[in-house]
Amino acid sequence: MFGMGPTGVKRNADCEWDDFDPEAYYNHNYRDLREDDRYIIEQVRDHFSAVFGNGVPDHGLRGIDVGTGSNLYPALTMLPFCAELTLYERSMNNIRWLEKQKSNDCPSWADSWHKFWDVLVERPAYWQVANPAIQLAKLMDPVPGSVYELAPDTPYDVGTMFFVAESITAEQAEFRSGMDHFLDALAPGAPFAIAFMEHSSGYEVGDHQFPATDVDRAKVSDCLRDRVRDVRIKHIGRGTNPVRNGYSGMLIALGRVNGGLDEGTRTPA
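For the sequence shown, the residue numbers in this note's numbering are 54 to 322.
Printed below as a string of structure tokens:
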């Protein structure tokens, strides 16, 4: 590691992100479908299905998943609705892992992602994807970059960011910056899903330790307030089989960015 920032708090730039081990992360977290991930997938599936009316839009949308790593299920939740899927990722190790998935028709599908897809196809929009592994490989576009530099020329129509903003820094200001950059990248009215590790103290991947920001429902709500509408923040407990030590649960925030032609009564964060 490069050491701590001047305040003794590990910031994003203090970490060797290019040493992140995507295979270790995938094997530990996503080779099997966990019950907490199942719940999150169900919530995101139903949210996007409600926004798009259980049908595929007449024109394919532009979707983005920020900080994909080796987790493909956020992209899968957007798959029926998108003609483009940007997988925006800081670590070059993760980019290479994603490029391998793209160039080989998603070889991890048979071991893992079909289990996640089985949850998604409980809603009609997902039935229409005839071969999700091949479709995902076709549409996914791994793009290297930091969330703090995310500034697309054209905003995205739908977006996800799972376990990223709070899991790349221990500094609250950087956490908020990551949230702001993600929301800024979405078009007015765009639906989104953002997942968080609650009260995380950091985590290990392979031989490396990575930082986390201590966040809870109130801090997430504060970041979203005045920026989104129709927002719901749901809590998922650790259960009897926590994915690791050093966190109290998970949060999933679902909503739409302010604005858009169909904007109605807002639900405060």
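Where is the CB? At the ideal position from N, CA and C, for every residue including glycine.
For residue 135 and residue 113, the gap between their C-alpha atoms comes out near 5 Å. Bridge pairing for residue 303: 250, 289 [DSSP]. DSSP, read as helix, strand or coil, puts residue 309 in strand. Proximity to residue 105 across 191, 178, 212 peaks at 178, based on C-alpha coordinates. Taking the Cβ atoms as the reference, residue 235 lies roughly 20 Å from residue 192, outside the contact range of under 8 Å. Boundaries cannot be given for residue 207, as no alpha helix (DSSP H) includes it and DSSP labels it neither H nor E.
Between residue 161 and residue 79, the C-beta gap is smaller than 8 Å, which places the two residues in contact. For residue 173, the secondary structure class from DSSP, reduced to helix, strand or coil, is helix. Here residue 180 is exposed, its C-beta having fewer than 16 other C-beta atoms within 10 Å. Under the 10 Å beta carbon count, residue 197 is surrounded by fewer than 16 other beta carbons and is classified as exposed. In the DSSP assignment, residue 201 forms no beta bridge with any residue.
Between residue 128 and residue 86, the C-beta spacing is not below 8 Å. Taking the Cβ atoms as the reference, residue 195 lies roughly 5 Å from residue 148, within the contact range of under 8 Å. Residue burial is scored here from C-beta neighbours: residue 100 has at least 16 other C-beta atoms within 10 angstroms and is therefore classed as buried. Here the alpha carbon of residue 264 sits roughly 11 Å from the alpha carbon of residue 70. Nearest to residue 123 by C-alpha distance, out of 139, 173, 131, 150, is 150. Judged by their CB atoms, residue 251 and residue 62 are not nearer to each other than the 8 Å cut-off. Looking only at 230, 72, 187, the smallest Cα-Cα distance to residue 157 is reached by 187. Taking all protein chains shown into account, residue 254 has fewer than 16 neighbouring C-beta atoms within 10 Å of its C-beta and is therefore exposed.
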